[in-house]
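To start, the structure itself, in structure tokens.
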Amino acid sequence: MPPSTTVSLPSSASASRFLGIDPMSVVSFVRRRARLFLATALVFFALIVGYTLQLTPRYTANADVLISVGGGAQLNLENIIVGLSGDNNSVDTQAQILQSRSLAERVVRKLALQNDPEFNPTLLPPKPSLLQRLGLAKTPPPALRANQDSPVIRNAIAGRLLSGLSVQRQGLTYIMSVSYTASSRQKAALIANAFASEYIVDQLEAKYAATKTVNDWLNDRLGSLQRDVVSADAQVQQYKISQGLLSAQGATNAETVVGVLAQQIAEARADLATKRALLNTTRSQLQSGDLSSVSAALGSGTISALRSQETQQSQALAQLKARYTERHPQVLSAQSSLDETQQRIRDEINRIVAGQQADVDVAQQRVSSLAASQGSAQGALAGNNRAQVGLAQLERTSDANRAIYESLLNKSKESAGDAGIQQPDARILSEARQAWQSFPNLTLAILFGFVAGVFFGSCAVIIAELFETGFTTAQAVERRLKVAHLASLSLAPRSRRPGKPEDYLIDNPFSAFAESYRNLRASILLDTSQHSDHPIIAICSSLPGEGKTVTSACIMRTAAVSGGSVVLVDADLRSRGLSKKFTPNAVGLVEVLNGTATIDEALVLDAKSGGYVLPVVGPPESGEDIVGTSKMDDLLAELRKRFDLVIVDTPPVLALAEARLLSVKVDAVVFIVRWRKTPSRAAEIGLATLKSSGANVLGVALSQVNLDSQRSFGYGDSSYYYDRYRSYYMS
508 MPPSTTVSLP SSASASRFLG IDPMSVVSFV RRRARLFLAT ALVFFALIVG
558 YTLQLTPRYT ANADVLISVG GGAQLNLENI IVGLSGDNNS VDTQAQILQS
608 RSLAERVVRK LALQNDPEFN PTLLPPKPSL LQRLGLAKTP PPALRANQDS
658 PVIRNAIAGR LLSGLSVQRQ GLTYIMSVSY TASSRQKAAL IANAFASEYI
708 VDQLEAKYAA TKTVNDWLND RLGSLQRDVV SADAQVQQYK ISQGLLSAQG
758 ATNAETVVGV LAQQIAEARA DLATKRALLN TTRSQLQSGD LSSVSAALGS
808 GTISALRSQE TQQSQALAQL KARYTERHPQ VLSAQSSLDE TQQRIRDEIN
858 RIVAGQQADV DVAQQRVSSL AASQGSAQGA LAGNNRAQVG LAQLERTSDA
908 NRAIYESLLN KSKESAGDAG IQQPDARILS EARQAWQSFP NLTLAILFGF
958 VAGVFFGSCA VIIAELFETG FTTAQAVERR LKVAHLASLS LAPRSRRPGK
1008 PEDYLIDNPF SAFAESYRNL RASILLDTSQ HSDHPIIAIC SSLPGEGKTV
1058 TSACIMRTAA VSGGSVVLVD ADLRSRGLSK KFTPNAVGLV EVLNGTATID
1108 EALVLDAKSG GYVLPVVGPP ESGEDIVGTS KMDDLLAELR KRFDLVIVDT
1158 PPVLALAEAR LLSVKVDAVV FIVRWRKTPS RAAEIGLATL KSSGANVLGV
1208 ALSQVNLDSQ RSFGYGDSSY YYDRYRSYYM S
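Counting from 1 along the sequence shown, just add 507 to a position and that's the residue number in our numbering.
Here you go:
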């Protein structure tokens, strides 16, 4: 298939999509924008890397400081002086101290950095102005050096010093990395070590100052407390004497009496309860009539003997009753003896019960007496207790003063001992030895340059695509203009066309350029053969400079060298670009239409191809419309009779009305769109104008197509495969 032929296959294109993306379109996009992308990316990459290489190098040294939590000799006096705790806040606080301005001023004094121009800008010579550099102004005399000990200068030096300091905690450990960045390796290590060592010294000085403050306060406080303790003890003793609160073995006399009486009452009540229980038991047994139980409960020896005698008498009586009658003298005598013994038992029991009752009465009287004594003693104790309230208050005051005094006395001894053994809460774990180059980071610059190059290269490509408003493929033409794509007209190689493109076509008949116009001619003849054997074709475009005139001349020559009779009518009355390409006659189209010349007189033979040209010598003198008249219809009809193909080169559609008038007088219109140049909106308006006039638009031809570049815009037409068949062309 010739390079200008395009057959759109939307179904195949849709089938090749993956996740809504056409892979071939992506490949084409990369191919056509690769140079722009690479050029932009390399420029930005080179700028960033080049800028990085010319920067002044900076060096960083690192010293590690270990924060000792809870270590060292500490004085915990109400948290006046404390060691560091292990919480994150304490460690972060030490990091801030390392970055404090006061510590920076210590480092400045230690290293005499006020004499270093890197930190003291007042030592630097003034920068000459542009006029001074050009020699247009005199260099001022050196200014007087400012006082280096002024607070403003010291503050500025400390600020510049801190700008190069970095303090970071290593993870969750108690190690602080003190890093410093300077213009030389030695200076960076020296300053990093100075910050670490001055931090340790600052801690010790702070502890010494705090210890001295505490000792001074303790001494003043101890003297005052000692006087308070002596005064409080004297008040306690005076109060005891005045209130009769004398005591022995830790208790007052009233308390001792109440305690003894309470013990005696308890014993008396226990004795009373025991005796009362024995009496109640005896009476209960007597009421039951069981004298044997009563004898056993009482535990009396007399009753036991009488009970034994009663038993013997009862046995003897029983034997007698078994031998004799109830009225027998021996029985009666034995019964009398038994009754007498039982009476004696009852009398003994009654005597014992009376004795128990007497014991209970005595015990009750003792309890009552002791209770009365206890009440009297408790009254005295209550008076003492009321007096004890005041005593307790005085004793609490005395004890509190004594406790504070003793505590502060111990702390004073500890503080005096700790003053000489204070240890810092941190130590230098490792000093800064060898500094490394930290700026500029060439690896990072290369990476950043690569990323920036890719980013700006992508932006350039995207911007180029966004501003790509022209037509590049047959698919784009048919999709956006809704008309058929007739051909893609090749651009003649610049190195081989020093003359006119239409001459290149004759000189290189087997070139891709010539083949593209043969293909356009074939499309025109195939599409118009059903309507006329001698078609009249108008070549139109929206704007000037789209290749309309060159296309008309090349179609004429292509048709002529193919053996057909063809005439090219230059109807662009103002530009007359076509007529300038050929030797002009004295007469032309205007003269023919005015009747001052015949067709034969106006026709010009193209010697290189054998075709004819009806040129334009000049515009109508009166400016009247001559192409829209019936005379133009008659002229075209006459030319149809004489030639196999009539080609009319019209003015731009958007510029002049003649194009619209001519478009309805011809059989078909070929609309020219310049590849990648014609704005899509202009092409749409031009086609809409022709269609609204009733023109038969045969289709669109893309002009001045660079086939080598066209391949990168997709597979919308056969030029995508140009590399595969370019060997068929000789030039």
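Note that the Cβ used here is the ideal one computed from N, Cα and C, for glycine as well.
- For Val867, same chain residues with a beta-carbon under 8 angstroms away, outside a window of 5 residues either side, are Leu779, Lys782, Arg783, Leu786 in chain order.
- With contacts defined as CB atoms closer than 8 angstroms, Val1074 and Leu998 fail to qualify as a contacting pair.
- The stretch 1140 to 1158 makes contact with the stretch 1033 to 1049; the number of CB pairs closer than 8 angstroms reaches 3 or more.
- DSSP places Ile1043 in the strand class (E or B) of the three-state scheme.
- Note on Gly1118: 16 or more other CB atoms within 10 angstroms of its CB, so buried under the neighbour-count rule.
- DSSP places Ile574 inside the beta strand (DSSP E), whose first and last residues are 565 to 574.
- Assignment of beta-bridge partners to Thr976 by DSSP yields no partner.
- By the Cβ test, the stretch 689 to 696 is in contact with the stretch 940 to 955, since at least three Cβ pairs between them sit closer than 8 angstroms.
- Under DSSP, the beta-bridge partners assigned to Ala1175 are Ile1044.
- When the Cα atoms are used, Ile810 and Ala865 turn out to be separated by approximately 20 angstroms.
- In the three-state scheme derived from DSSP, where H, G and I count as helix and E and B as strand, Thr789 is classed as helix.
- In this model, Leu1080 and Ala541 are separated by some 44 angstroms (Cα to Cα).
- Between the stretch 550 to 567 and the stretch 944 to 961 there are three or more inter-stretch CB-CB distances shorter than 8 angstroms, so the stretches are counted as touching.
- As a beta-bridge residue in DSSP terms, Ser997 pairs with Val1212.
- Proximity of the stretch 543 to 554 to the stretch 659 to 671 falls short of the contact definition, fewer than three beta-carbon pairs being nearer than 8 angstroms.
- In this structure, Val743 lies away from Leu877, with their beta-carbon atoms at least 8 angstroms apart.
- Less than 8 angstroms divides the Cβ of Ile698 from the Cβ of Leu618.
- Here Ser1210 is not near Ser1170, since their CB atoms are 8 angstroms or more apart.
- Runs of alpha helix (DSSP H) with 4 or more residues, each lying fully within the stretch 1070 to 1145, are found at 1084 to 1088, 1096 to 1101, 1106 to 1109, listed in chain order.
- When Cβ pairs closer than 8 angstroms are counted between the two stretches, the stretch 811 to 819 is seen to touch the stretch 850 to 859, the count reaching three or more.
- Taking a C-beta distance under 8 angstroms as the contact criterion, Phe626 and Leu669 do not qualify as a contact pair.
- Straight across, the Cα-Cα distance linking Leu1146 with Leu973 is about 46 angstroms.
- Judged by beta-carbon spacing, Ser684 lies beyond the 8 angstroms limit of Gln693, meaning their Cβ atoms are not closer than that value.
- Selection Ala1114, Ala1109, Ala1104, Ala1166 evaluated against Asp1132 yields Ala1166 as nearest (Cα-Cα).
- Excluding residues up to 5 positions away in sequence, His1041, Ser1072, Val1073, Val1074 lie with their Cβ nearer than 7 angstroms to the Cβ of Phe1150 in the same chain.
- By the Cβ criterion, the stretch 1179 to 1193 is not in contact with the stretch 1086 to 1101, since fewer than three pairs of Cβ atoms, one from each stretch, lie closer than 8 angstroms.
- Contact between Leu610 and Ala933 is ruled out by a C-beta separation of about 13 angstroms, above the 8 angstroms threshold.
- The stretch 1005 to 1023 and the stretch 1050 to 1064 touch, with three or more beta-carbon pairs separated by less than 8 angstroms.
- No Cβ-Cβ contact shorter than 8 angstroms links Leu630 with Leu915.
- Look at Asp735 here: in three-state DSSP terms it is helix.
- Across the structure, Thr848 and Ile856 are spaced so that their CA atoms are roughly 13 angstroms apart.
- For Phe1017, no alpha helix (DSSP H) encloses it, and the DSSP letter there is neither H nor E.
- Taking the Cβ atoms as the reference, Ile935 lies roughly 16 angstroms from Ala695, outside the contact range of under 8 angstroms.
- Here His992 is buried: its Cβ has 16 or more other Cβ atoms, across all protein chains shown, within 10 Å.
- Residue range 981 to 988 is occupied by the alpha helix (DSSP H) that includes Arg986.
- In this structure, DSSP gives Ser673 an extended state, which the three-state scheme calls strand.
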